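Novice: First the structure, then my questions, so here it is.
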Amino acid sequence: MPLSKAEWLALEKKVHELRMLTLDTTKWAGSGHIGGGMSALDVMTVLYHKYMKIDVQNPKWEDRDRFILSKGHVGIAYAPLLCDLGFNDKEMLKTFNLSNSKMGMHLDSNKIVGVDASTGSLGHGMSIAVGTALAARVTGKDFKTYVLLGDGECDEGSNWEAAMSAAHYKTTNMISFVDRNKCMIDGRTEDVMRLEPLADKWASFGFEVKVIDGNNIKEICEAVDEALANTSDKPYMIILDTIKGCGIDYMEDNYTWHYGAIDEDNYNKAKASLEKFYEKRIARVEKEAE
Amino acid sequence: MAGGLTYTAIDSTSLSTAEIYGQALVELGEAHPEVVALTADLAKSTKIGEFQKKFPDRFFNVGIAEQNMFGVAAGMARAGLVPFLSTFSQFASFRSADQLHTDLCYQNVNAKVIATHSGTSFGQAGSTHHAICDLAVVRSIPNLTVICPADGVETYNAVMAAYETPGPFYIRINRGFDRVLYKDSNYGFELGKAVTVHEGTDLTIIATGSCVFQAWEAAQFLDQNDGLKIRVLDMHTIKPIDKEAIIKAVMDTRRIITVEDHNVIGGLGSAVAEVMAEAGKGCAFKKLGHQDAFAPIGLHEDIMNAVGIDSNGIINAVRETMKMDFEEDDNWDDEV
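Keeping their order, the protein sequence lines are chains A and B. Count the first sequence with the working numbering and you get residues 12 to 301, in order. Count the second sequence with the working numbering and you get residues 6 to 341, in order.
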């Protein structure tokens, strides 16, 4: 279904609010994985606010769609999204990463409502997603499972075990994403451990692969629509070409912002940058909306 | 008991321990549609082929990819299934340790790991396939219940208890046939409670897995030949361990020997020592098992003999320990 202008604008507004809330959370926490959080927020917002079948009042609803955040370190962006939806009290964000908080850097699915899997150790999420998708098949349910991997995470061999099994079991009821922001802790992905040709790798493992601008709401929606309409027996992989730190000019495409501290000065600069970024994105909607 | 069947010594002599597990799994599969089975190219070796035949839609062979198997199982369990994962102990505990720790135990999902070919029961395969360090790893993971059954009949009880008890389990069983200890499955198996298989007051042998039969045989021999009354405890549940039975053994017999087909570091012996030390009571104590060395290659019984965890080794250790200075009085001041 084509994205209407009103829907697009609403999604832009929501993701802007969540970028701001993620920045606030990072400030409250003192520091956090803000770079990857900013690159991943567009897809997470689109999934939760446009596509996923969830019930905030019944978070363990058996028929809900699932989202597995395999790059669990961006809990700093995922927690604001879940709190904003109403799964958890927003006040909790002020305790993020602090001693005795339920809300640690990597979200605990037994403590934070709405989290479908406890992740953090990389290379686990896709296997969990395959298991979730297979469980839907065994129990005759039609929910979808979405999984978001980091690109650096693709170095982990276990992902490729999971990829083989997704293709083998034809888990077309799951949609996978890689947040291809091209940065990892120690440097650029291509310098630390070459990933390219990444799309070819996934294709050769038996996936339908689509590469899109992962910080473009419209492109994400079109890709998800296409993945949902997939009639082949191959599982679907959407590689999100993204920018680390997306929206905060001094962080953008800078791997040193994988994890960083936010002080008052940084915070104000980031906020101003996010406002400008939002204006630009709205202007794009005005220009490109159907 | 979840199962309607009673397993007997006859089953145990005609079926290997893993085959009994395979049958128990079929029984669970028939009764409970949420039970699914996973393996990593070891369906034949772990004897779950019957489940595969009966329930092909609930059977998943993920290929030689243990890490993925554990993650897949975690996803299934969180979506309401009860997965039973079968692979060799060494791979279940080491190859996929991070997934066991995080996906199964941290998330506290209802998944059951049946770790076969434990200890040196796949003796000829060598140290790559011996699992003599697995207990040290799995025992330290929160939320995980760890069981090491003594024989096929006890394996049946352990598998049924695992189904009935929510949460992750690690059940460590042997390759091939185990010596038969229990006549049938109705002997009062209870999770976390040791079974006294031989009563005595001179010394207590606390054994687990295949060593329980050996300890029982040694106790009978020592009774007949040395006039020693040896208590033998089948410590099938390694975690949570039966602290009460251990302290009672310290108080009643003042001499304890632990026996396990595992390194003496981190397994049953360490668990028993921790309980004793914390209780503040010392006693004559010996840990039999692999003495921090990789095992030789050979038949299981030959390795057990070489390492001193068969009945001969246990008899020798009992005789030595009986000479250790722990008196049968109530005055602990000179001993603690």
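No residue lacks a Cβ here, since even glycine has one placed at the ideal position from N, Cα and C. It should be emphasised that the depicted structure is a prediction, and the values quoted were computed from it without experimental measurement.
Apply the 10 Å Cβ neighbour rule to V164/B and answer buried if 16 or more other Cβ atoms are within range, or exposed otherwise.
Specialist: The count along the second sequence starts at 1 and reaches residue 164/B at position 159. It counts as buried.
Novice: With a 10 Å radius around its C-beta and 16 neighbouring C-beta atoms as the bar for buried, classify Y111/B as buried or exposed.
Specialist: Within the second sequence, numbered from 1, the residue matching residue 111/B stands at position 106. With 16 or more other Cβ atoms within 10 Å, it is buried.
Novice: Could you tell me which uninterrupted alpha helix (DSSP H) segments, each at least 4 residues in length, are contained entirely in the region 127 to 206 of chain B, listed from first to last along the chain?
Specialist: 139 to 143, 157 to 169
Novice: Expressed to the nearest angstrom, what Euclidean distance is found between the alpha-carbon atoms of G80/B and M185/A?
Specialist: If you number the second sequence from 1, residue 80/B lands on position 75. If you number the first sequence from 1, residue 185/A lands on position 174. Linking G80/B to M185/A through their CA atoms gives a straight-line distance of about 12 angstroms.
Novice: Can the beta-carbon of F65/B be found closer than 9 angstroms to that of L105/B?
Specialist: The residue given as residue 65/B occupies position 60 in the second sequence. The residue given as residue 105/B occupies position 100 in the second sequence. Result no, Cβ atoms of F65/B and L105/B do not sit closer than 9 angstroms.
Novice: Name the DSSP beta bridge partners of D260/A, please?
Specialist: Numbered from 1 along the first sequence, position 249 holds the residue referred to as residue 260/A. D260/A is not bridged to any residue.
Novice: Please compile the residues from chain B whose C-beta is within a distance smaller than 7 angstroms of the C-beta of G142/A.
Specialist: Along the first sequence, read from residue 1 onward, the residue named residue 142/A stands at position 131. Those are G76, V77, A78, A79, G80, M81, listed as they occur along chain B.
Novice: What is the rounded straight-line gap between the Cα of S15/A and the Cα of R295/A?
Specialist: On the first sequence, residue 15/A is found 4 positions in, with the first residue counted as 1. On the first sequence, residue 295/A is found 284 positions in, with the first residue counted as 1. The alpha-carbon atoms of S15/A and R295/A are separated by roughly 14 angstroms.
Novice: If you measure from the beta carbon of S215/A to each beta carbon in chain B, is any gap under 9 angstroms?
Specialist: Position 204 of the first sequence, counted from the first residue, corresponds to residue 215/A. Not closer than 9 angstroms to any Cβ of chain B, the Cβ of S215/A fails to qualify, so no.
Novice: Does the beta-carbon distance from M240/B to L273/B come in below 9 angstroms?
Specialist: On the second sequence, residue 240/B is found 235 positions in, with the first residue counted as 1. On the second sequence, residue 273/B is found 268 positions in, with the first residue counted as 1. Yes.
Novice: Just the chain A side, please: which residues come within less than 9 angstroms of D103/B by C-beta, in chain order?
Specialist: On the second sequence, position 98 is the one that residue 103/B refers to. Under the 9 angstroms cutoff, chain A gives S132, G134, H135, S169.
Novice: Helix, strand or coil: which one does DSSP assign to S169/A?
Specialist: The count along the first sequence starts at 1 and reaches residue 169/A at position 158. Looking at S169/A - three-state DSSP - the assignment turns out to be helix.
Novice: So for P88/B, helix, strand or coil by DSSP?
Specialist: Taking the first residue of the second sequence as position 1, residue 88/B is located at position 83. Reduced to three states, the DSSP call for P88/B is strand.
Novice: Mind checking S19/B: buried by the 16 CB within 10 Å criterion, or exposed?
Specialist: One-based indexing of the second sequence puts residue 19/B at position 14. Flag for S19/B reads exposed.
Novice: Since K82/A and G134/A should fall inside the 8 angstroms C-beta cutoff, what is the C-beta to C-beta distance between them, to a whole number of angstroms?
Specialist: What you label residue 82/A is simply residue 71 of the first sequence in a count that begins at 1. What you label residue 134/A is simply residue 123 of the first sequence in a count that begins at 1. That pair is no contact at about 10 angstroms.
Novice: Compare the C-beta of Y111/B with all C-beta atoms of chain A and state if any pair is closer than 9 angstroms.
Specialist: Taking the second sequence and counting its residues from 1, the one referred to as residue 111/B is at position 106. Cβ-Cβ to chain A under 9 angstroms: yes for Y111/B.
Novice: With distances taken Cα to Cα, identify the nearest neighbour of T209/B among V255/B, G232/B, S50/B, G68/B.
Specialist: The residue given as residue 209/B occupies position 204 in the second sequence. Of the candidates V255/B, G232/B, S50/B, G68/B, the one whose C-alpha sits nearest the C-alpha of T209/B is V255/B.
Novice: Under 9 angstroms, CB to CB, which of the residues in the region 101 to 123 of chain A have a partner in chain B?
Specialist: D119, S120, N121
Novice: Given a threshold of 16 other Cβ atoms within 10 Å of its Cβ, counted over all protein chains shown, does W72/A qualify as buried or as exposed?
Specialist: Working through the first sequence from its first residue, we reach residue 72/A at position 61. The residue in question, W72/A, is exposed, as its Cβ has fewer than 16 Cβ neighbours within 10 Å.
Novice: Counting only beta-carbon atoms, is N321/B nearer than 9 angstroms to chain A?
Specialist: Within the second sequence, the letter at position 316 stands for residue 321/B. It does not: the Cβ of N321/B has no partner Cβ on chain A nearer than 9 angstroms.
Novice: Would you say A146/A faces chain B, with C-beta separation under 9 angstroms as the test?
Specialist: The residue given as residue 146/A occupies position 135 in the first sequence. Judged by the 9 angstroms Cβ criterion, A146/A is in contact with chain B.
Novice: Tell me, please, whether the CB atom of D127/A is closer than 9 angstroms to any CB atom in chain B?
Specialist: Working through the first sequence from its first residue, we reach residue 127/A at position 116. True, the Cβ-Cβ gap to chain B drops below 9 angstroms.
Novice: Can you find a CB in chain A that lies within less than 9 angstroms of the CB of D108/B?
Specialist: Working through the second sequence from its first residue, we reach residue 108/B at position 103. Between D108/B and chain A, the shortest Cβ-Cβ separation is below 9 angstroms.
Novice: By the three-class DSSP mapping on this structure, what secondary structure does A212/B have?
Specialist: On the second sequence, position 207 is the one that residue 212/B refers to. Note: A212/B maps to strand in three-state DSSP.
Novice: Along the region 176 to 188 of chain A, where does the CB come closer than 9 angstroms to a CB of chain B? Name the residues.
Specialist: S176, H179, Y180
Novice: Which residues does DSSP list as the beta-bridge partners of G5/A?
Specialist: Lying before the first or after the last residue shown, residue 5/A is absent from chain A, which here runs from 12 to 301.
Novice: Measure from the alpha carbon of G181/B to the alpha carbon of each residue in T125/B, E32/B, R260/B, then state which is nearest.
Specialist: Working through the second sequence from its first residue, we reach residue 181/B at position 176. Nearest C-alpha to G181/B: T125/B.
Novice: Quick one: grab the DSSP three-state call for D46/A.
Specialist: Mapped onto the first sequence, residue 46/A falls at position 35. Reading off the sequence shown, one finds Gly at residue 46/A, where the question assumed Asp. In the structure shown, G46/A sits in a helix (DSSP, three-state: H, G or I).
Novice: What number of angstroms, rounded off, separates the C-alpha of P245/B from the C-alpha of P147/B?
Specialist: Here residue 245/B is taken as the residue at index 240 of the second sequence, counted from 1. Here residue 147/B is taken as the residue at index 142 of the second sequence, counted from 1. Answer to the nearest angstrom: the Cα atoms are 10 angstroms apart.
Novice: Based on the DSSP secondary-structure assignment, which residues constitute the bridge partners of A289/B?
Specialist: Mapped onto the second sequence, residue 289/B falls at position 284. Checking the DSSP bridge columns, you'll see A289/B partnered with R260/B.
Novice: Taking DSSP as the reference, what is the three-state secondary structure of I87/A?
Specialist: Working through the first sequence from its first residue, we reach residue 87/A at position 76. Helix.
Novice: How big is the Cα-Cα spacing for S169/A and Q72/B?
Specialist: Here the question's residue 169/A lines up with position 158 in the first sequence. Here the question's residue 72/B lines up with position 67 in the second sequence. Rounded to the nearest angstrom, the two C-alpha atoms are 6 angstroms apart.
Novice: Indicate whether R144/B and G271/B have their beta-carbon atoms separated by less than 9 angstroms.
Specialist: Looking up residue 144/B in the second sequence gives position 139. Looking up residue 271/B in the second sequence gives position 266. Against a cut-off of 9 angstroms, the Cβ pair of G271/B and R144/B comes out as a contact.
Novice: Is it buried or exposed for K287/A, if we count other Cβ within 10 angstroms and need 16 for buried?
Specialist: Locating residue 287/A in the first sequence gives position 276, where the first residue counts as 1. The residue is exposed, with fewer than 16 neighbouring Cβ atoms inside 10 Å.
Novice: Roughly how many angstroms separate the alpha carbons of V341/B and R260/B, rounded to a whole number?
Specialist: Here residue 341/B corresponds to residue number 336 of the second sequence, with the count starting at 1. Here residue 260/B corresponds to residue number 255 of the second sequence, with the count starting at 1. Since pLDDT at V341/B reaches only 42, below the 50 mark, its modelled position is unreliable, and the value read off the structure follows with that caveat. Each residue's CA atom was taken as its position, placing V341/B and R260/B some 13 angstroms apart.
Novice: Would you check if there are 3 or more beta carbon pairs closer than 8 angstroms linking the region 23 to 32 of chain B to the region 37 to 54 of chain A?
Specialist: These segments do not touch.
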